[in-house]
């Protein structure tokens, strides 16, 4: 565009040479800047390919040794060099599921309270407090869980649970064994508390996006607050709620290192965090990296599924 | 009216409504209660251990008193370096997505990949840096820790920069173009200035996020019991020290872990409040 103005106007010789040099400089800086931003964008691309490549190369020895049985066997024995990832995968899924089962309903109800019931004066302070809490590092929740929550569970809750579920077929495997206080259940509960502010913050944003007209119309025909929430707000924000659940799962995974204090060796993140620096031997290290790869793949699948469901719902609506 | 009041359907709807409201109130009390409890315990335990020694002495051997000086210094150094490495890349990449390639193929791929990076478990980032830096170099180092943190900073900054730049009205860009300003100058002088508060907020949030990260540091920077500013050597950091001390059986270490946790929490809260006030002034102006 600047070229066009240059060619279009007749300028005096002396001026034109200085002007041309200025324009040349401008054009070079423009090109350089464009190149820089492009290079940075490509760096992001390379970074992720690098992460995936590094994980695949690192886990190649383990995966080629054990093949598919790596994810189907339960043995994890550094002494005999036998590694199977079933137990950590199971632990990861169970703790994330516990966290999701607790955090999503509670978070949705808190968001319901904040958007529909809360007196306007309290709404902003509570919302701000929850958003601030979402930023607190997971290690804080981890240390609290270790020193305060786990002993409490060990003393009062777990003996009761073990007794109560001793004869229930599936659930007793969740609660069986001596009450250590630390374990999958505790880790799942702490994870639930960790992700609760996230769930609340996201679902509040989603609920706030419902057009007031819809709600007013429902109230106008005599709906109760709960009916407005259940039949107007929730269906309208279905997409967002699904996304919230995916995010809960993913954030739960991202934070499991902190929870690993509470459940050593039971989840993928916990195994890697606790064993990686002490791993001797290529196969041991490689097996731990393979665990990382699996965690990454699980995260990816969950996000992709959420995306896919969103797309389908949007297509049906549109 | 009497018929309406005695209508069984109406009564059940009202009952259901009351129950739901009660549940919502209970959920809020439950959720906020936990969080208040956690912060309360943190304050109680952390403030108790707070003293000048925390800032002037290094982490102690088991069984004796000490401070967190080396961990604080290591955390500060690695965080600053991570931001110095990650922010320029993040801002430039975000600029490309919002300004140059808003609709091209590269952008949509980068956007998708950035989303994955944003939600990638941070322990995976640690493994990656271990593979590409620690293993070839043969030892753990502060540099590896800083780069690992930078990898976490980048996607956060890319996302906020792009979001904030897309919020800048196109009329500003057109006005700049109409007076013959080259695109690069338009971006730097006009778009960046308009989006400055938002971009700074993104950087602050990224700092808040990495200041509590344990996972990527566990096997990149490792830990160091002594004061060290040597980026080529293992370097201590607050989160890793907390992680290690919390799991130890020594009471002095556990106390220091609480104090460290309090320091991190206060820092992160201060950063988030600062970020929030920045966006608030932008909105009101």
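Protein chains in written order, with this note's numbering: chain A, 7 to 324; chain B, 55 to 339.
Think of the CB as a built atom: it goes at the ideal place given N, C-alpha and C, for glycine as much as any other residue.
{"Item": "Start-to-end residues for the alpha helix (DSSP H) that takes in residue 298 of chain B", "Value": "292 to 301"}
{"Item": "Minimum Cβ-Cβ distance from residue 185 of chain B to chain A less than 7 Å", "Value": "yes"}
{"Item": "Beta-carbon neighbours of residue 88 of chain B, restricted to chain A and to distances below 7 Å", "Value": "199"}
{"Item": "Burial state of residue 55 of chain B (16 or more Cβ within 10 Å)", "Value": "Because the pLDDT at residue 55 of chain B is just 49, under 50, the model does not fix this residue reliably, and the point stays unresolved."}
{"Item": "Cβ-based burial, residue 83 of chain B [other Cβ within 10 Å; buried from 16]", "Value": "exposed"}
{"Item": "Within-7 Å CB hit, residue 171 of chain B to chain A", "Value": "yes"}
{"Item": "Coil, strand or helix - residue 278 of chain B by DSSP", "Value": "coil"}
{"Item": "Chain B contacts made by the region 270 to 287 of chain A, where a contact means CB separation under 7 Å", "Value": "275, 278, 279, 282 and 283"}
{"Item": "Burial state of residue 308 of chain B, where buried means 16 or more other Cβ atoms lie within 10 Å", "Value": "buried"}
{"Item": "Interface positions of the region 233 to 253 of chain B facing chain A (Cβ-Cβ less than 8 Å), listed along the chain", "Value": "234, 236, 237, 238, 239, 241 and 242"}
{"Item": "Bridge partner(s) assigned by DSSP for residue 280 of chain A", "Value": "Paired residues: none, contrary to the question."}
{"Item": "Within chain A, the residues that residue 326 of chain B reaches when beta carbons sit closer than 7 Å", "Value": "138 and 141"}
{"Item": "Minimum Cβ-Cβ distance from residue 154 of chain B to chain C less than 7 Å", "Value": "In the structure shown, chain C cannot be found, because the protein chains are A and B."}
{"Item": "Whether residue 255 of chain B touches residue 332 of chain B by CB criterion (7 Å)", "Value": "yes"}
{"Item": "Euclidean distance between Cα positions of residue 305 of chain A and residue 126 of chain B", "Value": "32 Å"}
{"Item": "Range of the contiguous alpha helix (DSSP H) that encloses residue 62 of chain B", "Value": "62 to 103"}
{"Item": "C-alpha distance - residue 176 of chain B paired with residue 142 of chain A, whole-angstrom precision", "Value": "16 Å"}
{"Item": "CB contact below 7 Å: residue 36 of chain A versus chain B", "Value": "yes"}
{"Item": "CB contact below 7 Å: residue 60 of chain A versus chain B", "Value": "yes"}
{"Item": "Beta-carbon contacts of residue 330 of chain B that lie in its chain and below 7 Å, excluding the five residues immediately before and after", "Value": "none"}
{"Item": "Interface residues of chain A facing residue 39 of chain B [CB-CB closer than 7 Å]", "Value": "Nothing in the structure corresponds to residue 39 of chain B, since chain B is present only between 55 and 339."}
{"Item": "Near-chain B residues of the region 101 to 133 of chain A (beta-carbon distance less than 7 Å), N- to C-terminal order", "Value": "112, 115, 116, 118, 119 and 123"}
{"Item": "Residue 308 of chain B - partner residues in DSSP beta bridges", "Value": "None, per the DSSP bridge assignment."}
{"Item": "Distance between beta carbons of residue 180 of chain B and residue 273 of chain B, contact taken as under 8 Å", "Value": "6 Å"}
{"Item": "Range of the contiguous alpha helix (DSSP H) that encloses residue 218 of chain B", "Value": "196 to 221"}
{"Item": "DSSP three-state assignment for residue 88 of chain A, whether helix, strand or coil", "Value": "strand"}
{"Item": "Residues within the region 287 to 311 of chain B neighbouring chain A, beta-carbon criterion of under 8 Å", "Value": "293, 296, 297, 300, 301, 308 and 311"}
{"Item": "Distance between beta carbons of residue 121 of chain A and residue 214 of chain A, contact taken as under 8 Å", "Value": "6 Å"}
{"Item": "Where residue 283 of chain B falls, given that 16 or more other Cβ within 10 Å makes a residue buried", "Value": "exposed"}
{"Item": "Residue 42 of chain A vs residue 146 of chain B beta-carbon contact at 7 Å", "Value": "yes"}
{"Item": "Residues from the region 181 to 213 of chain B in contact with chain A, defined by Cβ distance under 9 Å", "Value": "181, 182, 183, 184, 185, 186, 189, 194, 205, 208, 209 and 212"}
{"Item": "Delimiting residues of the alpha helix (DSSP H) encompassing residue 262 of chain B", "Value": "246 to 264"}
{"Item": "Nearest to residue 372 of chain B (by Cα), restricted to the options A:144, A:290 and A:149", "Value": "Chain B is shown from 55 up to 339; residue 372 of chain B falls before or after that span and cannot be answered."}
{"Item": "Environment of residue 9 of chain A [buried if 16+ CB atoms lie within 10 Å]", "Value": "With a pLDDT of only 46 at residue 9 of chain A, under 50, the local geometry of the prediction cannot be trusted, and the value read off the model is given with reservation. Answer is exposed; the Cβ neighbour count stays below 16."}
{"Item": "Spatial distance of residue 61 of chain A from residue 291 of chain A (CA atoms)", "Value": "11 Å"}
{"Item": "Residue environment, residue 78 of chain B, which counts as buried when at least 16 other CB atoms sit within 10 Å", "Value": "buried"}
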